[in-house]
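So the sequence shown is residues -2 to 304, counted in this note's numbering. The beta-carbon is built from N, C-alpha and C at its ideal position, and this holds for glycine as well. Remember, predicted model here, so these are calculated numbers, not experimental data.
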Amino acid sequence: MNFQQYNGLVVPTITPFTLDEKIDEKSLRNLISFLISEGVHGLWIAGTSGEFSAIEDSERLKSLEIAIDETKKRVPIIFNISATSTNLAINLAEKVKLLEIQGIALTPPYYFNSPQNELLEHYRKINAVCPNIPLWIYNIPQTVKTVVSVETVIQLAKEGVVQGIKDSSGDGEYFSQIITSCHLNNIKLNKFLGTHHRIDTASKVGADGIIPGTGNAIPKIIVNAWDSSISNDVSSLNSAIKKISVFSGFTKFAVGKGRTQANLGIIKATLEIKGIIENSSLSAPLESLTDQEKMHLEKALKENDLI
-2 MNFQQYNGLV VPTITPFTLD EKIDEKSLRN LISFLISEGV HGLWIAGTSG EFSAIEDSER
58 LKSLEIAIDE TKKRVPIIFN ISATSTNLAI NLAEKVKLLE IQGIALTPPY YFNSPQNELL
118 EHYRKINAVC PNIPLWIYNI PQTVKTVVSV ETVIQLAKEG VVQGIKDSSG DGEYFSQIIT
178 SCHLNNIKLN KFLGTHHRID TASKVGADGI IPGTGNAIPK IIVNAWDSSI SNDVSSLNSA
238 IKKISVFSGF TKFAVGKGRT QANLGIIKAT LEIKGIIENS SLSAPLESLT DQEKMHLEKA
298 LKENDLI
């Protein structure tokens, strides 16, 4: 399989729900159409922002099928098949291996901790099931408890098992070591940060792109920030970063809620306010924004020219 290079903003799409927590197909189609019209460079389906761990596999697969149909090959699609065990991930891999997608992503198995030798086999077995779909490592130890070590990443890349990594750890030193090791070993690997933070320097240090949840709500601003960073347009970059920072601060309206609930709640509520999705509910037991909180958010969005 040939290496495929990707760059820019890949959006980890949220999952719009109906009131009974099923996929809201109309809202998801609206969202995908909106994101593509705003210039995003790819879609990451059923990831953390998509609340994949809270929905049935059938709903995850439905979201992928909708994305494939609505995207119509205009941007690449990467589908998250993460699961609590290798066999459960294989079950998902078997169901998507013949679909027209450009990548699958996989965290370490979560719940039980895994040493690195188990992770090597975990990724190798998934690649054996889908040898023609590029496999991405999804490093997010704050939720799955296990770090995919730099050595493991490099070994899997050397073997041709993986073609990309999304690093959501927030560990700048870890990401720098990945970049340096790829350079020293002449390894091709798509290297993406799972955040909009450090967007001003990400490309300069070797990141190929970013995969931030905020890309759902303010995609054009983040695309402009990335493009301005690449072109060294400092004025446009600073303007975009200021807007991103202001939006990120709106989590203050999610009073008393956890970090995940606040971040996802603000993103989904913004999309509801914009009329892109029908409702901003989160998967139970995650607490959604109240009507009053959404009212404060809408006022702030208008005051800052974000809608």
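- Nearest in C-alpha terms to Gln99, of all of Asn114, Asp54, Thr248 and Ala64, is Ala64.
- In the three-state DSSP reduction, Gly39 falls in the strand class (E or B).
- Spatial neighbours of Ile218 in its own chain (CB-CB distance under 7 Å, excluding positions within 5 residues in sequence) are listed in chain order as Ala237, Lys240 and Ile241.
- Pairing Ala266 with Ile162, the inter-Cα distance amounts to about 29 Å.
- Straight-line spacing of the CA atoms in His38 and Lys188 works out to 15 Å.
- For Ala154, same chain residues with a beta-carbon under 6 Å away, outside a window of 5 residues either side, are Ile184 and Leu186 in chain order.
- In this chain, the alpha helix (DSSP H) harbouring Pro138 covers Pro138 to Val141.
- Secondary structure of Ile20 (DSSP, three-state): strand.
- Using a Cβ distance threshold of 9 Å, Val8 and Asn213 count as a contacting pair.
- Fully enclosed beta strand (DSSP E) runs of no fewer than 3 residues occupy 100 to 103, 132 to 136 and 161 to 164 of the segment 86 to 165, in order along the chain.
- For Ala86, the closest of Cys127, Phe0, Phe244 and Glu62 by C-alpha to C-alpha distance is Cys127.
- Residue pairing of Asn187 in beta bridges, as defined by DSSP: Gly161.
- Taking the C-beta atoms as reference points, Ala281 is found no nearer than 9 Å to Ala80.
- Leu234: member of the alpha helix (DSSP H) spanning Val231 to Ser245, first to last residue.
- Taking the CA atoms as reference points, Asn221 sits about 30 Å from Lys254.
- For Val72, there is no enclosing beta strand (DSSP E), since its DSSP letter is neither H nor E.
- In the DSSP assignment, Gly272 falls outside any beta strand (DSSP E) and carries neither an H nor an E.
- The criterion of a C-beta distance shorter than 9 Å is satisfied by Phe76 and Ala43.
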